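I have placed the structure first, in the form of structure tokens, so that the comments after it can refer back to it.
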């Protein structure tokens with residue numbers, strides 16, 4: 296589901312090294328039945344391509360952009376400066392500063408250019424936040440989100456029942 300004409304969410308990253316994290320956002324969107332498109336675009340290495348993407352996103356029907364970035368982390372903020380609808384930034388873990396550099400670059404936007412920001416490498420939460428934004432005007436999607444949350448609750452209850460049944464030592468042995 297890379298280039299979908301029905302896409303409601305754009306997932307964009309500056310490098311394919313971000314793919315493992317961005318794929319988690321895509322997985323959530325697929326689970327919830329939300330069409331999306333995914334692209335690798337560098338705001339620094341190909342600014343003309345980036346500007347064309349961000350300027351055309353609304354016209355293409357995108358309602359939310361999820362942008363992942365490491366180090367200088369300009370991609371989410373620049374998307375937010377151009378795209379008039381919500382942008383969710385995912386700061387990437389970096390080797391030099393552990394992703395704090397990315398986090399600060401995304402979360403410290405100037406007044407008037409907000410970027411919703413999730414945890415470092417928070418692809419799952421970015422996908423869920425995009426879904427929740429879309430669910431404001433989509434009851435069927437809201438119902439799917441509620442069912443998703445119920446499944447999470449059931450998973451925890453199942454794990455706890457197993458822990459209560461086995462005790463922590465046997466539980467840990469079974470999880471190795």
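In the working numbering, the protein residues as written are 296 to 471. Idealized CB from N, CA, C, for every residue including glycine. Note that the coordinates shown come from a computational prediction; the quantities given were computed from them, not determined experimentally.
What does a CB cutoff of less than 6 angstroms around residue i pick up in its chain, not counting 5 residues either side in sequence?
i, result
"residue 473", "Nothing can be reported for residue 473, as the shown portion of the chain is limited to 296 through 471."
"residue 369", "338"
"residue 417", "385"
"residue 404", "372, 410"
"residue 310", "none"
Quick one: grab the DSSP three-state call for residue i.
i, result
"residue 409", "coil"
"residue 334", "strand"
"residue 344", "helix"
"residue 371", "helix"
"residue 349", "helix"
"residue 300", "coil"
"residue 356", "coil"
"residue 469", "helix"
Near residue i, what residues of its chain come up, given a Cβ to Cβ distance below 7 angstroms and the 5 sequence neighbours on each side ignored?
i, result
"residue 458", "466"
"residue 423", "323"
"residue 414", "420"
"residue 439", "327, 328"
"residue 379", "353"
"residue 350", "377"
Let's see if you can read the secondary structure: which residues bound the alpha helix (DSSP H) around residue i?
i, result
"residue 359", "Note, residue 359: premise wrong, no alpha helix (DSSP H); beta strand (DSSP E) at 359-364."
Let's see if you can read the secondary structure: which residues bound the beta strand (DSSP E) around residue i?
i, result
"residue 307", "304-308"
"residue 323", "Run containing residue 323: none in the beta strand (DSSP E); it sits in the alpha helix (DSSP H), 314-326."
From residue i to residue j, what does the alpha carbon distance come to, in whole angstroms?
i, j, result
"residue 305", "residue 401", "17 angstroms"
"residue 352", "residue 336", "13 angstroms"
"residue 357", "residue 333", "12 angstroms"
"residue 364", "residue 395", "12 angstroms"
"residue 321", "residue 312", "15 angstroms"
"residue 362", "residue 397", "12 angstroms"
"residue 455", "residue 470", "13 angstroms"
"residue 445", "residue 452", "11 angstroms"
"residue 391", "residue 374", "25 angstroms"
"residue 366", "residue 389", "7 angstroms"
"residue 461", "residue 425", "38 angstroms"
"residue 447", "residue 437", "15 angstroms"
"residue 316", "residue 412", "14 angstroms"
What residues in its chain sit with their C-beta under 8 angstroms from that of residue i, if we drop five residues either side in the sequence?
i, result
"residue 346", "377"
Complete alpha helix (DSSP H) runs within the stretch 376-459 (minimum length 4 residues, chain order): 395-402, 418-430
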